[in-house]
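Trainee: The numbering of the sequence shown is my numbering, which starts it at 139 and goes up by one. Just passing along the structure, written as structure tokens.
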Amino acid sequence: MTKKGEEANIKAKSRSSKFLKDIGIYAIGNIGSKIITFMMVPMYTYFVHDTSDFGYYDLCLTVCLLLMPFVTVQLRDGAFRFLLDCDDENQRQRIVTFVSHTMVTTIAVSGIIALLMAMFTNIGYLGYAFGLLIAMSLQEVYSQVFRGLRNNRAFVTVGILSALGIGVFSIWFVAGLGWGIKGIFMANIFARVLALVLVESRVRLITRHTHWGLNAGKVGRDILRYTLPLLPGSLCWWLTGSSDRLFITHYLGLDDNGVYAVAIRFTGIIYTLAIIFYQAWQETAILQYNSPDRDRFFSKMFNSYIFLLALILVGYVFLLKVNYGWLVADEYSESLKYIYPLGLSAVVFALAAFFDMGYQCAKDTPRTLPAIILAAIVNVALNFALIKPLGVYGVIITQLVTYLVLFTYRWHDMKRYFILKIDKRTAVPILMMLLSIVPFYFNDNKMVDIAFMVAAIALMAWMCRHELREQIVAKITKTAHSTK
139 MTKKGEEANI
149 KAKSRSSKFL
159 KDIGIYAIGN
169 IGSKIITFMM
179 VPMYTYFVHD
189 TSDFGYYDLC
199 LTVCLLLMPF
209 VTVQLRDGAF
219 RFLLDCDDEN
229 QRQRIVTFVS
239 HTMVTTIAVS
249 GIIALLMAMF
259 TNIGYLGYAF
269 GLLIAMSLQE
279 VYSQVFRGLR
289 NNRAFVTVGI
299 LSALGIGVFS
309 IWFVAGLGWG
319 IKGIFMANIF
329 ARVLALVLVE
339 SRVRLITRHT
349 HWGLNAGKVG
359 RDILRYTLPL
369 LPGSLCWWLT
379 GSSDRLFITH
389 YLGLDDNGVY
399 AVAIRFTGII
409 YTLAIIFYQA
419 WQETAILQYN
429 SPDRDRFFSK
439 MFNSYIFLLA
449 LILVGYVFLL
459 KVNYGWLVAD
469 EYSESLKYIY
479 PLGLSAVVFA
489 LAAFFDMGYQ
499 CAKDTPRTLP
509 AIILAAIVNV
519 ALNFALIKPL
529 GVYGVIITQL
539 VTYLVLFTYR
549 WHDMKRYFIL
559 KIDKRTAVPI
569 LMMLLSIVPF
579 YFNDNKMVDI
589 AFMVAAIALM
599 AWMCRHELRE
609 QIVAKITKTA
619 HSTK
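Here it is, written out as structure tokens:
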């Protein structure tokens, strides 16, 4: 091997090692927090007996997700992107100061609007929903500020403390005091704010970088040019990913929405694992975008990602299926039948999100709009067409088709930023994900489910790239040794 080839291999291994290290860091926060959230679902189903109540909370959460990008002006994306590129301390102060100024303004405006709504409408739990919106917005933005300032430990700690707080406060308010969905609201609000305050009191990154008298006009305009095109995109994202609750509530009722919400909570694990990859990949892709072997490196990551998603989907849904009977109350057991197609939708969504890096690396965010607008139109049209004849399945089919449209569009559009080469072996995980539908729906024997799951995972692990297996095993072995 030539010296140039050896240097390329060393560089590739270094990037892969850093990427796996980043995945480990983000996994600690995301998986730990999601496990706690996951454990709350059975408790909620046992103590919130009325499925319509849980459906109403899920509806409020959906509306909060719609409004959050407008309250934050998408600063969660802008703060991270601009801080990651910044090596000048004074410029960092200007960025964080602009973020803080903007958040104070948008929260004040949101508070006035909420007060007017309370005076002239009679919306249930409006005050709690507003509190949840603000708590979520603050956590999202300032967690990304921590991350952009290269303090991943603070970023991870906020997520873990928030989840722990939600767990503790939920047990106290919901199980102990019997406050129902009011307790769920309060647990989420208190936990998120408290986690952010505790971490900031320790690291003092926000207070140290915020100077209220500092002129941040120029960098603020640059950030807004990056984030404002994301706002209509966020609305379309909401239409494609969250409006399903509104359709279910309107056409089928809050009871069905409550059952569907439980299924979504469980498949949220897959989204969380995809987010872990996305966060690690986001940082790696931006830093490696201008490298000479970018296309080769990006292709390797994408092929590996397909294998990892397939392993996660098949393993998780079958483990969930064989344990579902004791995980949820009988009123919510119907949600099991929605798990697999929702999990498959999550996989397609994760693959489509991979391509989002092209726009972020090139700071070409306006180009995100056409694909998202198209996906939103497809989503709304199919929901109207399918929900009446097919019920909840109509919503799930709509979601899957929407993400396939988004994936296809971005697959072609990404060629302006990078070219991906697909490994023929990726046909194996794709085929296994499709074939797994049969035993999931048409088999009731738990042993058969377990045997199929083990065989499918073994086949995919054997077919994946040797380098990927080596890196994962090395990472696991290193982690195990470090904990001894």
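We treat Cβ as the ideally placed atom computed from N, Cα and C, and that holds for glycine.
Short of 6 Å in beta carbon distance, which residues of its chain neighbour C602, apart from the five on each side in sequence? Order them along the chain.
Mentor: The residue given as residue 602 occupies position 464 in the sequence shown. For C602, where only same-chain residues beyond five positions count, the Cβ hits under 6 Å are F445.
Trainee: Taking DSSP as the reference, what is the three-state secondary structure of P504?
Mentor: Position 366 of the sequence shown, counted from the start, is the residue given in the question as residue 504. Residue state, collapsed to three classes: helix.
Trainee: Per DSSP, what kind of secondary structure is N428 in: helix, strand or coil?
Mentor: Working through the sequence shown from its first residue, we reach residue 428 at position 290. Note: N428 maps to coil in three-state DSSP.
Trainee: Under a three-way DSSP split, which group does F556 fall into?
Mentor: Working through the sequence shown from its first residue, we reach residue 556 at position 418. It is coil, neither helix nor strand.
Trainee: Pick out whichever of D468, I588, P527, S372 has its Cα sitting closest to the Cα of A513.
Mentor: Taking the sequence shown and counting its residues from 1, the one referred to as residue 513 is at position 375. Among D468, I588, P527, S372, the Cα nearest to that of A513 belongs to S372.
Trainee: In terms of residues, what are the limits of the alpha helix (DSSP H) holding Y478?
Mentor: Here the question's residue 478 lines up with position 340 in the sequence shown. Here the alpha helix (DSSP H) through Y478 covers 477-492.
Trainee: Does G351 come out as helix, strand or coil in the three-state DSSP assignment?
Mentor: Along the sequence shown, one-based indexing puts residue 351 at 213. In this structure, G351 counts as coil in the three-state DSSP scheme.
Trainee: Between the C-alpha atoms of K438 and E421, what's the straight-line distance to the nearest angstrom?
Mentor: The count along the sequence shown starts at 1 and reaches residue 438 at position 300. The count along the sequence shown starts at 1 and reaches residue 421 at position 283. So the two alpha carbons sit approximately 16 Å from each other.
Trainee: Chain B beta carbons: is any one of them nearer than 8 Å to that of A399?
Mentor: Looking for chain B here will not work: only one protein chain is present.
Trainee: If you scan the stretch 279-361 from start to end, which runs of the alpha helix (DSSP H) of 4 or more residues do you find wholly inside it?
Mentor: Assignment of alpha helix (DSSP H) within the stretch 279-361, counting only whole runs of 4 or more residues, yields 290-308, 318-341, 343-347 in chain order.
Trainee: Is it true that the CB of L480 sits closer than 8 Å to the CB of I361?
Mentor: Counting from one through the sequence shown, the residue named residue 361 turns up at place 223. Counting from one through the sequence shown, the residue named residue 480 turns up at place 342. Not closer than 8 Å, so no.
Trainee: For a quick check, are the C-beta atoms of V312 and G303 less than 8 Å apart?
Mentor: Against the sequence shown, residue 312 aligns to sequence position 174. Against the sequence shown, residue 303 aligns to sequence position 165. Result no, Cβ atoms of V312 and G303 do not sit closer than 8 Å.
Trainee: For the candidate residues T536, F522, W549, whose alpha-carbon lies nearest to that of T506?
Mentor: Sequence index remark: in the sequence shown, residue 506 carries index 368 (1-based). Considering only alpha carbons, the answer is W549.
Trainee: Buried or exposed for L528, please, with buried defined as at least 16 other CB atoms from any protein chain shown within 10 angstroms of its CB.
Mentor: As a first step, residue 528 is located in the sequence shown; it is residue number 390 there, counting from the start. Exposed, since its Cβ has fewer than 16 Cβ neighbours within 10 Å.
Trainee: Please identify the residue among L451, N289, V294 whose C-alpha is closest to the C-alpha of M570.
Mentor: By 1-based counting over the sequence shown, the position of residue 570 is 432. When only C-alpha atoms are compared, the closest one is L451.
Trainee: Out of L369, Y497, I534, F435, point me to the one whose CA is closest to R204's CA.
Mentor: Walking along the sequence shown from the start, residue 204 turns up at place 66. Note on identity: in this sequence residue 204 is Leu, with Arg being the wrong assignment. The residue with the shortest Cα to Cα distance from L204 is L369.
Trainee: Does the count of Cβ pairs from the stretch 570-580 and the stretch 592-600 closer than 8 Å reach three?
Mentor: yes
Trainee: Restricting to Cα atoms, I'd like to know which of A273, Y579, Y443 is closest to Y476.
Mentor: Position 338 of the sequence shown holds residue 476. Nearest C-alpha to Y476: Y579.
Trainee: Taking the beta carbon of L254 as the centre, do at least 16 other beta carbons fall within 10 Å, making it buried, or is it exposed?
Mentor: To locate residue 254, count along the sequence shown from 1; it is residue 116. L254 should be labelled exposed.
Trainee: Excluding the five sequence neighbours on either side, which residues of its own chain have a C-beta within less than 6 Å of the C-beta of E623, listed in chain order?
Mentor: Residue numbering for the chain in the displayed model covers 139 to 622; residue 623 lies beyond these limits and cannot be assessed.
Trainee: Please say whether C202 and L287 have beta carbons closer to each other than 8 Å?
Mentor: Against the sequence shown, residue 287 aligns to sequence position 149. Against the sequence shown, residue 202 aligns to sequence position 64. No. Outside cutoff.
Trainee: In this structure, does DSSP put I261 in helix, strand or coil?
Mentor: For this step, residue 261 is matched to residue 123 along the sequence shown. Three-state result, I261: coil.
Trainee: Pop quiz: V357 and F236 are said to be a contact at Cβ under 8 Å. What is the actual Cβ separation, rounded to whole angstroms?
Mentor: Counting from one through the sequence shown, the residue named residue 357 turns up at place 219. Counting from one through the sequence shown, the residue named residue 236 turns up at place 98. V357 to F236, Cβ: 6 Å. Contact.
Trainee: Label L315 either buried or exposed according to how many other C-beta atoms from any shown protein chain fall within 10 Å of its C-beta, with 16 as the threshold for buried.
Mentor: On the sequence shown, position 177 is the one that residue 315 refers to. Exposed, since its Cβ has fewer than 16 Cβ neighbours within 10 Å.
Trainee: From what residue to what residue does the alpha helix (DSSP H) around R548 run?
Mentor: Numbered from 1 along the sequence shown, position 410 holds the residue referred to as residue 548. Counting along the chain, the alpha helix (DSSP H) containing R548 begins and ends at 530-551.
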